[in-house]
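Structure first, then comments.
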Amino acid sequence: MSELDKTKELETKKIGSLLWVYALPAVISQIIASVYSIADRIFLGQCVNELAIAGLAITMPVMNIIHAFGSLVGVGSSSRMSIVLGRKDERWAEKILGNSMLLTFIFGALFLSIGYLFMDQILGLFGASEATVGYASEYMLIVLPGMFLTTVALNLTGLIRASGYPSKSMWIMVIGALLNIAFDAIFIYLLDWGIAGAAWATTISMAISAVLAIAHFVNPKSFIRFKRHAWSPKLYIFRNILLIGMSPFLMNVAASAVVALLNKQLVYYGNQLVAGGGDLAVGAYGVINTFGSLLVMVIIGICQGMQPIAGYNYGAGHNHRLKEVFMLAMKVNVLVGTLGALFGCLFPRFFASWFTNSADMLDIAEVAMPYLMVMWSFIGATITNSNFFQSIDKPWIAIATSLSRQVLFLIPMIYIVPVFYVQHGWTGLNGVWMACTMSDFFGFALAMVLLYGQRKVFSVDYVAPIHKPRKEHGPTEDKN
884 MSELDKTKEL ETKKIGSLLW VYALPAVISQ IIASVYSIAD RIFLGQCVNE
934 LAIAGLAITM PVMNIIHAFG SLVGVGSSSR MSIVLGRKDE RWAEKILGNS
984 MLLTFIFGAL FLSIGYLFMD QILGLFGASE ATVGYASEYM LIVLPGMFLT
1034 TVALNLTGLI RASGYPSKSM WIMVIGALLN IAFDAIFIYL LDWGIAGAAW
1084 ATTISMAISA VLAIAHFVNP KSFIRFKRHA WSPKLYIFRN ILLIGMSPFL
1134 MNVAASAVVA LLNKQLVYYG NQLVAGGGDL AVGAYGVINT FGSLLVMVII
1184 GICQGMQPIA GYNYGAGHNH RLKEVFMLAM KVNVLVGTLG ALFGCLFPRF
1234 FASWFTNSAD MLDIAEVAMP YLMVMWSFIG ATITNSNFFQ SIDKPWIAIA
1284 TSLSRQVLFL IPMIYIVPVF YVQHGWTGLN GVWMACTMSD FFGFALAMVL
1334 LYGQRKVFSV DYVAPIHKPR KEHGPTEDKN
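884 is the number of the first residue of the sequence shown in my numbering; add one for each residue after it.
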């Protein structure tokens, strides 16, 4: 198969086979990527103590914000590349590649500077206590450069997949994750470096993944690669990347902000149950989130497999194929969410015990997990809906879908529902868990309303908007 045929098959090959070819490597990549944090938690939980787990949980929203910048650039650039390749414009795709790297460097310098200057203040905002801030700070001071390398790797592997190399994208992440597990075992278990060992394992393994991803676009045999003209900053490309990527960016930032508020509520109501119960509740939430992240990785992987197919066919005007790939991805992700909900609700203590051997933390997680897992079939549909609109350059619909669950519904509910529980003689901590359940349902309902309002994109006669070209862009290259 020629290099050009790697993308042309997106408009000719059977959708079911095509989604399998693109989604399976993406799912494996996402699961492997989650190994970075999961491996850290397993080794820390088994080899250190529950406060190390709680300290690591405190760092997760900070790391999510950094990942948000990676998603801002990575999702925006890969979605845009798929659309322009559907219009057969390779030169424009190369400019997207170069400008996405420029944005990655800009944001990397920004969060590294802020992170090192205001570390303790930032961790305090996300619920660090005197018992956990030492663990959290020690981890973040080492892992910050690794997080920059993570954004480089995630951005470039998305572009590798969008330009027709889904398996190669997968293997780059697989190699990094396997190395992370090996380094965790060496640094934490054998050398007894504690939470610093987890940080070094993540940083070194992500550096290797980043180098491998860069090497692909340096290789002259690659279909799309780094060229001198691509490094010229173009404000219209910056705008397009950032606009499409704004949905996952805002979703990750909102998630971090919500986790900060949620952690404070968990500390408050957890301490009402027993002294130190707040830190245990935060740790239990981190444990459940780690299990949930496995489902997220599968669902996002399916969406990443859908993205180049949907974007390419949207750009090429093949709306019947657009509808087919969306419906197939939706069905698969609802099934994944349903299976996750069943396992999480039926065997909560079993899955929580993967990440901690603290009996007190397991008791809290056993109660909380059914609340947090029961709506996962709906969450699968909501995530698919948001990612689909990112893929076809409708960022505002994607943003509304992404933010509704976490901002519009969850923030007020974590303050209202626990008070209602306490007033009726129930446990306030369970009220916090119930707030999460309710927000998941209402977020799904709004996502379906927004999808119905955009049903025209599936019509055979619908034409994707193409704006007037600018002379400097070439024959098909436009401002959108």
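Quick reminder that beta carbons are idealized off the backbone N, C-alpha and C, glycines included.
Residue closest to residue i, alpha-carbon to alpha-carbon, out of the options
| i | options | result |
| --- | --- | --- |
| residue 907 | 979, 1273, 1188 | 1188 |
| residue 1296 | 1254, 1260, 1314 | 1314 |
| residue 1181 | 1006, 912, 995 | 912 |
| residue 895 | 1000, 1192, 1114, 1096 | 1192 |
| residue 1260 | 1200, 1298, 1225, 972 | 1225 |
| residue 1335 | 1343, 1268, 1300 | 1268 |
| residue 1088 | 1324, 1035, 961 | 1035 |
| residue 990 | 953, 1330, 1009, 1183 | 953 |
| residue 1100 | 984, 1056, 1009 | 984 |
| residue 1120 | 976, 1281, 1330, 1306 | 976 |
| residue 1095 | 1037, 1206, 1325 | 1037 |
| residue 1177 | 1168, 1201, 1223 | 1223 |
| residue 1139 | 997, 1290, 1257 | 1290 |
| residue 1052 | 1040, 1046, 1059, 1060 | 1040 |
| residue 1146 | 1307, 960, 1294 | 1294 |
| residue 892 | 1277, 1280, 1204 | 1204 |
| residue 1002 | 945, 970, 1215, 980 | 945 |
| residue 1012 | 942, 1060, 1069, 1247 | 942 |
| residue 1230 | 1026, 1213, 1249 | 1249 |
| residue 1005 | 987, 1024, 1124 | 1024 |
| residue 1195 | 914, 968, 909 | 968 |
| residue 1031 | 1091, 1008, 1282 | 1091 |
| residue 1137 | 1009, 961, 1065 | 1009 |
| residue 980 | 997, 992, 959, 970 | 959 |
| residue 1274 | 1029, 1045, 1026, 992 | 1045 |
Unbroken alpha helix (DSSP H) run spanning residue i, endpoints
| i | result |
| --- | --- |
| residue 1198 | 1160-1199 |
| residue 1099 | 1078-1101 |
| residue 1054 | 1049-1067 |
| residue 999 | 973-1000 |
| residue 1219 | 1202-1229 |
| residue 1016 | 1016-1045 |
| residue 1132 | 1118-1156 |
Burial state of residue i (16 or more Cβ within 10 Å)
| i | result |
| --- | --- |
| residue 1102 | exposed |
| residue 1067 | buried |
| residue 1098 | exposed |
| residue 1328 | exposed |
| residue 1049 | buried |
| residue 1014 | exposed |
| residue 1210 | exposed |
| residue 1344 | exposed |
| residue 1357 | Model confidence at residue 1357 stands at a pLDDT of 44, short of 50, so the residue's coordinates are unreliable; what they give is reported in the following sentence. Label assigned to residue 1357: exposed. |
| residue 1075 | exposed |
| residue 1351 | Caution applies to residue 1351, whose pLDDT of 38 falls short of 50 and renders its modelled position unreliable; the model cannot decide the point. |
| residue 963 | buried |
| residue 950 | buried |
| residue 1308 | exposed |
| residue 999 | exposed |
| residue 988 | exposed |
Integer Cβ distance of residue i from residue j, believed to fall under 8 Å
| i | j | result |
| --- | --- | --- |
| residue 1063 | residue 1084 | 5 Å |
| residue 1133 | residue 1286 | 6 Å |
| residue 1263 | residue 1220 | 3 Å |
| residue 1018 | residue 939 | 7 Å |
| residue 1150 | residue 1166 | 11 Å between Cβ atoms; not a contact. |
| residue 966 | residue 1198 | 4 Å |
| residue 1174 | residue 1234 | 5 Å |
| residue 1127 | residue 1186 | Rounded, the Cβ-Cβ distance is 14 Å, inconsistent with contact. |
| residue 1202 | residue 1341 | 6 Å |
| residue 1058 | residue 1022 | Their Cβ separation, rounded to whole angstroms, is 23 Å, which puts residue 1058 and residue 1022 out of contact at 8 Å. |
| residue 1047 | residue 1106 | 6 Å |
| residue 1311 | residue 1152 | 4 Å |
| residue 1330 | residue 1284 | 5 Å |
| residue 1171 | residue 1255 | 5 Å |
| residue 1148 | residue 1301 | 7 Å |
| residue 1131 | residue 955 | 7 Å |
Heavy atom of the ligand FMN within 8 Å of residue i beta-carbon
| i | result |
| --- | --- |
| residue 1318 | As for the ligand FMN, it is missing from this structure, which has no ligand bound. |
Short CB-CB distance (under 9 Å) between residue i and chain B
| i | result |
| --- | --- |
| residue 1175 | This model lacks chain B altogether, as it is built from one protein chain only. |
Run through the stretch 1249-1285 for me and flag every whole beta strand (DSSP E) of 3 or more residues, listed as ranges in chain order.
none
Every unbroken alpha helix (DSSP H) inside the stretch 1279-1323 [4 residues or more]
1294-1306
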